[in-house]
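Below is one structure, written out as C-alpha cells, with a few remarks after it.
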Amino acid sequence: MYAPPVQRLITELSRLPGVGGRTAQRLAFHLLRASDEEALALADAIREVKQRIGLCEVCFNLADGPRCRICSDERRDPELICVVEEPSDVISIERTHEFRGGYHVLGGALSPIDGIDPEDLKISELYARVETGGVSEVVIATNPTTTGEATALHIADGLRSRVPELSVTRLASGLPVGADLEYADELTLGRALSGRRTV
Numbered sequence: 074m075y076a077p078p079v080q081r082l083i084t085e086l087s088r089l090p091g092v093g094g095r096t097a098q099r100l101a102f103h104l105l106r107a108s109d110e111e112a113l114a115l116a117d118a119i120r121e122v123k124q125r126i127g128l129c130e131v132c133f134n135l136a137d138g139p140r141c142r143i144c145s146d147e148r149r150d151p152e153l154i155c156v157v158e159e160p161s162d163v164i165s166i167e168r169t170h171e172f173r174g175g176y177h178v179l180g181g182a183l184s185p186i187d188g189i190d191p192e193d194l195k196i197s198e199l200y201a202r203v204e205t206g207g208v209s210e211v212v213i214a215t216n217p218t219t220t221g222e223a224t225a226l227h228i229a230d231g232l233r234s235r236v237p238e239l240s241v242t243r244l245a246s247g248l249p250v251g252a253d254l255e256y257a258d259e260l261t262l263g264r265a266l267s268g269r270r271t272v
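All residue numbers for the sequence shown refer to this note's numbering, where the first residue is 74 and numbers rise by one.
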C-alpha cells in the first residue's frame with residue numbers, strides 16, 4: 074500500500090507501547106511532513122539515548138555514566154534503599170520530594186507465567202548490597218498488583234533470612250486523597266483499614 078520505507082516506519086512505530094496501527098500511520102505522516110531538521114533531530118535523539126544511556130552500576134537506574142545522578146549525590150541517605158520495579162518508578166517517587174535515600178531497580182516483577190524468575194531480576198544484587206552492611210531499612214515499593222505483591226513477599230523473605238536485624242517496609246496502600254468511601258472497592262478499603270495509623 075505504501076512505499077517500503079514508509080511501511081517500515083509505520084511498522085516500527087506501531088511496536089511502541091500504546092501505539093496502534095492508525096496512530097503509527099499518523100505519526101509516520103507527521104514525520105514525512107516535518108522539516109528535515111525536525112525529523113533528523115528525533116532520529117539523533119533516539120540514536121544518542123541508545124548509545125549513551127545504560128544502567129547504573131549500583132542501583133540499575135538509567136545513567137549516562139557508571140553511576141546515576143542519585144547514587145552520585147552525597148546528600149542522599151545510604152542507609153535507606155527503596156526497591157522499585159522500573160526506572161520510571163524512581164521518577165514517580167522523586168516527584169514527591171519525600172524520599173532521601175537510594176534506589177534499587179529490579180527491572181520488572183516476578184511472573185512465572187511469563188517466564189520471569191528471580192534470576193531474571195536484580196534481586197541477588199539487592200541482597201549483595203544489603204549484606205555488605207550500612208543499610209538500615211529497605212522500602213519495597215513494587216506495584217500493588219499480583220506480580221508486584223509476589224515480588225515484595227519474595228524479597229522481604231530473602232532480606233529477613235539474610236539480615237534479620239534489617240527493617241523491611243512496604244509502601245502503604247489504600248484510599249487516594251479526595252476519594253469517597255462509597256466508591257472504593259473492597260480490596261482498596263481493606264488495605265486502607267489494615268494500614269491505618271494514629272492521628
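We put the beta carbon where it would ideally sit given N, CA and C, even for glycine.
Leaving out five residues on either side along the sequence, give the residues of the same chain with a beta carbon under 6 Å from the beta carbon of residue i.
i, result
"L82", "A101"
"D137", "R125 and I126"
"A265", "G247 and L248"
"I166", "F172"
"T218", "none"
"T224", "A182, L183 and T215"
"R148", "none"
Would you say residue i and residue j are within 7 Å of each other, going by their C-beta atoms?
i, j, result
"T261", "V212", "no"
"C144", "V131", "yes"
"G180", "D150", "no"
"V178", "V203", "no"
"R140", "C155", "no"
"Q176", "N216", "The sequence given here places Tyr at residue 176; Gln does not occur at that position. Going by C-beta atoms, Y176 is not nearer than 7 Å to N216."
"A76", "S87", "no"
"R233", "Y200", "no"
"A116", "L104", "no"
Which same chain residues end up closer than 8 Å to residue i when comparing Cβ atoms and leaving out the 5 residues on each side of it in sequence?
i, result
"P191", "L183, S197 and H227"
"G221", "E158, A182 and T215"
"V250", "none"
"L194", "L179, G180, G181, A182, L183 and T224"
Grab the span of the beta strand (DSSP E) containing residue i for me, first residue to last.
i, result
"D150", "D150 to V157"
"G263", "Segment E259 to S267 is the alpha helix (DSSP H) holding G263; no beta strand (DSSP E) there."
"V178", "G174 to V178"
In terms of DSSP beta bridges, what is residue i paired with?
i, result
"E210", "L153 and S240"
"A118", "Per DSSP, none; premise fails for A118."
"L128", "L135"
"I189", "S184"
Tell me the residue span of the alpha helix (DSSP H) that contains residue i.
i, result
"G94", "G94 to R106"
"Y200", "I196 to E204"
"G227", "Before going on, a small fix: residue 227 reads as His here, not Gly. From DSSP, the alpha helix (DSSP H) with H227 extends over T219 to R235."
"V284", "Missing from the structure shown is residue 284; the chain here goes from 74 to 272 and no further."
Go through its chain and collect everything with a Cβ distance to residue i's Cβ below 7 Å, but skip five positions before and after it.
i, result
"P160", "N134, L135 and V178"
Can you confirm whether the segment 190-210 touches the segment 243-259 when touching is taken to mean that 3 or more C-beta pairs between the two stretches lie within less than 8 Å? no
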